[in-house]
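Accompanying notes for the structure given below.
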Amino acid sequence: MSGTGSKGGNGHGGSGGKGPDGKGPGGNGQDRKRQRRGRPAPGVGAGAGSPRGAQPTQARLLAVRVLDRVQRARAFADLSLHHHLAHSKLAAADRALATEIVYGTLRWRGRIDYLLEKLLERPMQQLEPVVASALRVGAYQLLFTDRIPASAAVDEAVRCVRALGVERATGIVNAVLRRLSREHAEMPLPSLAEDPLEHLTHSLSLPPWIAKRWLDRYGAEDAAALATASNAAPPLTVRANTRKITRDALLEELLPRFPEVEPCPHARDGLRLGRKGDPQRDPAFLAGRFTVQDEAAQLVLGMLDPQPGDLVLDTCAAPGAKTTGIAERLQGSGAVLALDRNPQRLRLIARAARRLDLTGVHILERDATQGLGDLPTAWLDGLDGPEAPAAGEPLLFDRILADVPCSGLGTLRRNPDARWRVGETVPRELARIQLQILKRAATVLRPGGCLVYSTCTLTPEENEDVVNAFLQEMPGFRVATPDELPDEVQGVVSEEGFLRCFPHIHDMDGFFAARLVRQASDTNE
């Protein structure tokens, strides 16, 4: 999971569609048609000299609004962007442009702010949030895109602040972005060799606390490689629904629409589609033949390795990609009970199960930090194999997944806003909740069963430290050894039996997982 309690998926980041290059409105009929489509007509110079009534392109205005909300309200960028796009009438190319600007600006905000502050001569935090967002949007286009003319980037930023009611800021936005356009090529950035911390912070756009941690843990070269990979657009990765289609058959079906499609190196049901496109609009997705899911998340399913006939518990299940993956591996025999404390997010699991045409998926509103010894058993009626426990006894499961809420710092390429939203104390604060969930889950695991603990973060407080604390408090458990784990995870499992995936090494999200086995003689409830 990611984002201090919200799970991350494959995300929308970096889709990179082509957007308009408009320079300003004109006066003929063709120009008016462009304006009605939300595109400025060509022919007018950039900046504060554009007509006061000129409107910005809707894609850029939407991007500024999303970024403003992310900064002011600490909103999740993916949710805010989805909301704004759902209520817009943007064409596909403009939707792609808005998405690219939002995610690109968030990825590179550290470098953007570093360069802007040299021209502003004051911190960005002293600006009105909407003005700061407009400056960043303009700067992103100047620094990181080559198909948008500098004049258009500057002019559109000015139009955005004017359209958002901050007419007084048009002068400074125009002046700063014009200077950035002329001077940025000669503005030096800190180098890794001379100052690794400044390089990670200002050149590679990490908050100082994350940069320092990565330097201390991985060393300068690996920390820079990890930061670079965390700023890149991730691959589009999907999981074949093996209840409907084999991975090889799905590959053949997708090849005409995704020419770069290839099998995942590790995940047995996974395909990488390349880095462009929208798989959730593909006919095969709509027909339930695949789920969008990063390979690292698929390998968590490999760590759990559910078998037909198993009774499985998914403690923090929404939005349900792992729940449905469990159901696919059960092959119609056994069942998975998915818990989440958010009823709206539980509905996402039910919707996904219907799309995939899966049986054996049951959902229940429950906070996994609370006791699980009183889970209902009526849903077991009609299942082959599992039987309700005796009166007064808890329902026990063969396998349990505790994919806990975490800081999400392994998914920065998909959720770039997390680096700016998550504070230095958050990992330690979350670790207490994670340990509580893990201990609660352990009480309903049958002797001999396995419990997989997983996160999509890289901080030891949320990973190894939680597992070690759990083992100290629950002596009836041990970490499964590498030779006890399935073949598909062998390439990413350490000698201790921990799954560790990294963007710069595996081109996957940063994930951690451990399989904890309850000894058959253990009676600790």
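So in my numbering, spot 514 of the sequence shown is number 557, and the numbers just go up one at a time. Note that the Cβ used here is the ideal one computed from N, Cα and C, for glycine as well. Being a predicted model, the structure only gives us computed values, none of them experimental.
- Identify every run of the alpha helix (DSSP H) within the segment 162–205, keeping only runs that are complete inside it and at least 4 residues long; order them along the chain. Listed in chain order, they are 172–187.
- Contact under 8 Å by Cβ, glycine 317 with glutamate 295: Result no, Cβ atoms of glycine 317 and glutamate 295 do not sit closer than 8 Å.
- Query: Excluding sequence positions up to five away, which residues of its chain have a Cβ less than 8 Å from the Cβ of arginine 561?
  - Reply: Correct list, in chain order: Ala485, Leu488, Arg489, Pro490, Gly491, Gly492, Cys493, Leu494, Gly519 and Phe520.
- Message: So for phenylalanine 328, helix, strand or coil by DSSP?
- Response: Three-state result, phenylalanine 328: helix.
- Query: Within 10 angstroms of its Cβ, does aspartate 291 collect 16 or more other Cβ (buried), or is it exposed?
  - Reply: With fewer than 16 other Cβ atoms within 10 Å, it is exposed.
- With burial defined as no fewer than 16 other Cβ atoms inside 10 Å of the residue's Cβ, what is the status of glutamine 184: buried or exposed? Buried, because 16 or more other Cβ atoms sit within 10 Å of the Cβ of glutamine 184.
- Per-residue DSSP class, three states only, for threonine 334: Here DSSP, grouped into helix, strand and coil, assigns threonine 334 to strand.
- Task: Report back the beta-carbon spacing between methionine 346 and valine 509 to the nearest angstrom; my notes put them in contact at under 8 Å.
- Result: The Cβ separation is near 15 Å, so there is no contact.
- Query: Within 10 angstroms of its Cβ, does glutamine 114 collect 16 or more other Cβ (buried), or is it exposed?
  - Reply: So glutamine 114 counts as buried.
- DSSP state of threonine 498 mapped onto helix, strand, coil: Three-state result, threonine 498: strand.
- Message: Taking the alpha-carbon of alanine 283 as reference, which of Val109, Arg260, Ala263 and Ala327 has the nearest alpha-carbon?
- Response: Here the closest residue by C-alpha is Ala327.
- Around the Cβ of arginine 79, are there at least 16 other Cβ atoms within 10 angstroms (buried) or fewer (exposed)? Its pLDDT being 35, under 50, arginine 79 is placed unreliably by the model, and the measurement read from it follows with that caveat. Per the 10 Å Cβ criterion, exposed.
- Let me know if arginine 165 comes out buried or exposed under the rule of 16 or more other beta-carbons within 10 Å of its beta-carbon. Around the beta carbon of arginine 165, fewer than 16 other beta carbons sit within 10 angstroms, so the residue counts as exposed.
- If we ignore side chains and look at the alpha-carbon of each, how far apart do proline 231 and histidine 242 end up? Cα to Cα, the separation comes out at about 11 Å.
- Beta-carbon separation of alanine 106 and valine 204 under 8 Å? Going by C-beta atoms, alanine 106 is not nearer than 8 Å to valine 204.
- Reference glutamate 504, options Cys307, Arg483 and Arg475, closest by Cα: The candidate whose alpha carbon is nearest that of glutamate 504 is Arg475.
- Message: Taking a contact to mean a Cβ-Cβ separation below 8 Å, would you say leucine 407 touches leucine 426 in this structure?
- Response: The Cβ atoms of leucine 407 and leucine 426 lie no closer than 8 Å to each other.
- Task: Evaluate arginine 311 with the Cβ neighbour count: other Cβ atoms within 10 Å of its Cβ, from every protein chain shown; 16 or more gives buried, anything less gives exposed.
- Result: Buried: at least 16 other Cβ atoms inside 10 Å.
- Euclidean distance between Cα positions of leucine 126 and glutamate 210: What sits at residue 126 in the sequence shown is histidine, not leucine. Taking the straight line from one Cα to the other gives about 26 Å.
- Message: I'd like to check one pair, serine 497 with alanine 461: are the Cβ atoms closer than 8 Å?
- Response: When the beta-carbon positions are compared, alanine 461 and serine 497 stay at least 8 Å from each other.
- Look up leucine 297 in the DSSP assignment and give the residues it is bridged to. Beta-bridge pairing by DSSP links leucine 297 to no other residue.
- Message: Under DSSP, the beta strand (DSSP E) around histidine 405 begins and ends at which residues?
- Response: Where histidine 405 is concerned, the enclosing beta strand (DSSP E) stretches over 404–408.
- Where does leucine 133 fall in DSSP's three states? Here leucine 133 sits in coil by DSSP.
- For leucine 528, which of Ala175, Asp348 and Ala116 has the nearest alpha-carbon? Out of Ala175, Asp348 and Ala116, Asp348 has the C-alpha closest to the C-alpha of leucine 528.
- Message: To test your reading of the DSSP string, which unbroken alpha helix (DSSP H) runs of 4 or more residues are found completely within the segment 447–506?
- Response: Runs found: 461–464 and 469–485.
- Item | Integer Cβ distance of alanine 135 from alanine 102, believed to fall under 8 Å | Contact flag wrong, Cβ pair sits at about 11 Å.
- Item | Beta bridge counterpart(s) of phenylalanine 520 as assigned by DSSP | Arg561, per the DSSP bridge assignment.
- Task: Taking alanine 396 as part of the alpha helix (DSSP H), name the residues at either end of that continuous run.
- Result: Where alanine 396 is concerned, the enclosing alpha helix (DSSP H) stretches over 386–399.
- Going by C-alpha distance, which of Pro299, Arg324 and Asp156 is nearest valine 219? Per the Cα distances, Asp156.
- Query: What's the call for aspartate 569, buried or exposed, on a 16-neighbour Cβ count within 10 Å?
  - Reply: Summary: the structure shown does not reach residue 569, with the chain confined to residues 44 through 568, and so no result is reported for it.
- Compare the Cα-Cα distances from glycine 285 to each of Arg260, Pro308 and Asp400 and report the closest residue. Before going further, note that residue 285 is threonine rather than glycine in the sequence given. Nearest of Arg260, Pro308 and Asp400 to threonine 285, Cα basis: Asp400.
- Item | Start and end residues, alpha helix (DSSP H) containing leucine 105 | DSSP places leucine 105 in the uninterrupted alpha helix (DSSP H) bounded by 101–116.
- Message: Using the three-state DSSP reduction, which class does threonine 412 fall into: helix, strand or coil?
- Response: Coil at threonine 412, not helix or strand.
- Query: From the DSSP output, which residues share a beta bridge with leucine 128?
  - Reply: Beta-bridge pairing links leucine 128 to no other residue.
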